[in-house]
Amino acid sequence: MPQYVQGVVARAKGEPVRVETITVPDPGSGEAVVKVQSCGVCHTDLHYREGGINDDFPFLLGHEAAGIVEQVGPDVTDVAPGDFVILNWRAVCGRCRACRRGRPQYCFDTHNARQRMTLADGTELSPALGIGAFAEKTLVAAGQCTKVDAAASPSVAGLLGCGVMAGIGAAINTGGVGRGDSVAVIGCGGVGDAAVVGARLAGAARIIAVDIDDRKLRTARELGATHTVNSRTSEPVEAIRELTGGFGADVVIEAVGRPETYEQAFYARDLAGTVVLVGVPTPEMTLELPLLDVFGRGGSLKSSWYGDCLPSRDFPMLIDLHLQGRLDLDAFVSETIALDEVEDAFARMHKGDVLRSVVIL
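Residue numbering for the sequence shown follows full-length UniProt numbering, starting at 1 and increasing by one per position.
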């Protein structure tokens, strides 16, 4: 029988979101219904509300979530009712050319639930990143559910579903940060701070956090940055070079998603160093660099898809590190809120007042 639950819906571009009744169908083949326990408020949800992703309104927002599997459809074997899971937005297919090469983290044919959740009048909803977890329950593909240790608090576990994983993965998986490396992170929001944490976990010797907001720089230092640069008052490329013996950092992670900060990242790396773009640009942005500089500086220019993570591998590992006291996920939670407070949380996030607001259901 379909279930009727409360969820946060964005009906039109720029309109305030509101809590509405949504219909969650029984899971079909390869699908699961998850009782959501927590969901982080991510910038991507605000992008959806503002029409920055696409115009498939109305959207059921929320995607950084953890909860309990309540029902599974036919042919589901990896998770079962009662499992504590983190939701992900890149359920791998196992059949595409990336998966066949043993690189499922780059799967080119990821999928979501086939059925759609709807409003009470039957209008189909577009779930954010194929999840839609600002809701009491949501329907997802079973492959979007990753079972983890239930000893972890849902309020922090769900953060691995997007921003924290993207940042940690940008450092460890994409950037390949190693022991003794120097790392610069440009942009210290949730993803950038997670990149700082990832660099620390990987054993980087010098971690330079760059931002225009002293509040964010203080948080970055608390999370493991060894040095900070306010790029309003200091030229960031010169500052990073000065802090790395005049050479530049081994790995520079751009977590803003703007051409000017990407150019800073490009010139702030050492020869043969690595630039990782994990900040999300908008469609109209373009980049111009002298091709001779691209050739002459060598190294790697990489984009990080979801921290190049494989949820089945990375989520349980990071939860284990958290439970061992080696990864402080609680530090990312600025506040916990109710479902009807998401619109206010967007405003606080836009002002930079919070690292993460987390909806508790």
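For glycine and all other residues, C-beta sits at the position ideal for the given N, C-alpha and C.
As the structure is a prediction and not an experimental result, all values here were calculated from the model.
DSSP bridge partner residues for residue i (one or two, in chain order)
{"i": "Gln-71", "result": "Val-33"}
{"i": "Lys-351", "result": "According to DSSP, Lys-351 bridges with nothing at all."}
{"i": "Arg-269", "result": "Ala-249"}
{"i": "Asp-55", "result": "In DSSP, Asp-55 forms no bridge with anything."}
{"i": "Val-276", "result": "Ile-253, Lys-302"}
{"i": "Thr-228", "result": "Ala-209"}
{"i": "Ala-141", "result": "Glu-31"}
Supposed close pair residue i, residue j - CB separation, criterion 8 Å
{"i": "Glu-31", "j": "Val-140", "result": "7 Å"}
{"i": "Ala-135", "j": "Val-5", "result": "6 Å"}
{"i": "Gly-158", "j": "Glu-64", "result": "5 Å"}
{"i": "Cys-145", "j": "Val-69", "result": "6 Å"}
{"i": "Ala-171", "j": "Ala-199", "result": "5 Å"}
{"i": "Ala-142", "j": "Val-36", "result": "About 16 Å; that fails the 8 Å criterion."}
{"i": "Cys-96", "j": "Gly-62", "result": "Contact flag wrong, Cβ pair sits at about 27 Å."}
{"i": "Ala-255", "j": "Gly-279", "result": "5 Å"}
{"i": "Cys-42", "j": "Gly-163", "result": "6 Å"}
{"i": "Val-17", "j": "Arg-49", "result": "6 Å"}
{"i": "Asp-270", "j": "Asp-250", "result": "6 Å"}
{"i": "Arg-90", "j": "Thr-110", "result": "4 Å"}
{"i": "Leu-329", "j": "Val-8", "result": "Not really, about 23 Å apart at Cβ, beyond 8 Å."}
{"i": "Arg-356", "j": "Val-333", "result": "6 Å"}
{"i": "Ile-186", "j": "Pro-236", "result": "7 Å"}
{"i": "Leu-327", "j": "Val-197", "result": "7 Å"}
{"i": "Gly-175", "j": "Thr-274", "result": "6 Å"}
{"i": "Arg-206", "j": "Thr-244", "result": "7 Å"}
Coarse secondary structure for residue i, derived from DSSP in three states
{"i": "Val-148", "result": "coil"}
{"i": "Ser-334", "result": "coil"}
{"i": "Glu-136", "result": "coil"}
{"i": "Leu-217", "result": "helix"}
{"i": "Ser-357", "result": "strand"}
{"i": "Glu-64", "result": "strand"}
{"i": "Gln-264", "result": "helix"}
{"i": "Pro-281", "result": "coil"}
{"i": "Val-317", "result": "The sequence as given places Met at residue 317; Val does not occur at that position. DSSP places Met-317 in helix when its eight states are reduced to three."}
{"i": "Asp-308", "result": "helix"}
{"i": "Ile-131", "result": "coil"}
{"i": "Ser-234", "result": "coil"}
{"i": "Gly-325", "result": "coil"}
{"i": "Glu-242", "result": "helix"}
{"i": "Glu-222", "result": "helix"}
{"i": "Leu-289", "result": "coil"}
{"i": "Pro-154", "result": "helix"}
{"i": "Pro-259", "result": "helix"}
{"i": "Glu-50", "result": "coil"}
Cβ-based burial, residue i [other Cβ within 10 Å; buried from 16]
{"i": "Ala-220", "result": "buried"}
{"i": "Gly-102", "result": "exposed"}
{"i": "Phe-108", "result": "exposed"}
{"i": "Pro-27", "result": "buried"}
{"i": "Pro-127", "result": "buried"}
{"i": "Gln-324", "result": "exposed"}
{"i": "Ala-194", "result": "buried"}
{"i": "Phe-295", "result": "exposed"}
{"i": "Met-285", "result": "exposed"}
{"i": "Gly-161", "result": "buried"}
{"i": "Gly-29", "result": "Sequence inspection shows Ser at residue 29; the Gly mentioned does not correspond to that position. The residue in question, Ser-29, is exposed, as its Cβ has fewer than 16 Cβ neighbours within 10 Å."}
{"i": "Gly-192", "result": "buried"}
{"i": "Ser-303", "result": "exposed"}
{"i": "Leu-291", "result": "exposed"}
{"i": "Pro-104", "result": "buried"}
{"i": "Phe-59", "result": "buried"}
{"i": "Met-349", "result": "buried"}
{"i": "Phe-247", "result": "exposed"}
{"i": "Asp-308", "result": "buried"}
The ligand FAD heavy atom lying under 6 Å from the CB of residue i
{"i": "Pro-81", "result": "Of ligands this structure carries none, so the ligand FAD is not represented either."}
Start-end ranges of the beta strand (DSSP E) lying completely within the stretch 67 to 127, minimum 3 residues: 84 to 87
To test your reading of the DSSP string, which unbroken beta strand (DSSP E) runs of 3 or more residues are found completely within the stretch 4 to 48? 18 to 24, 31 to 40
Enumerated in chain order, which unbroken segments of the beta strand (DSSP E) with a length of 3 residues or greater are wholly contained in the stretch 164 to 204? 182 to 186
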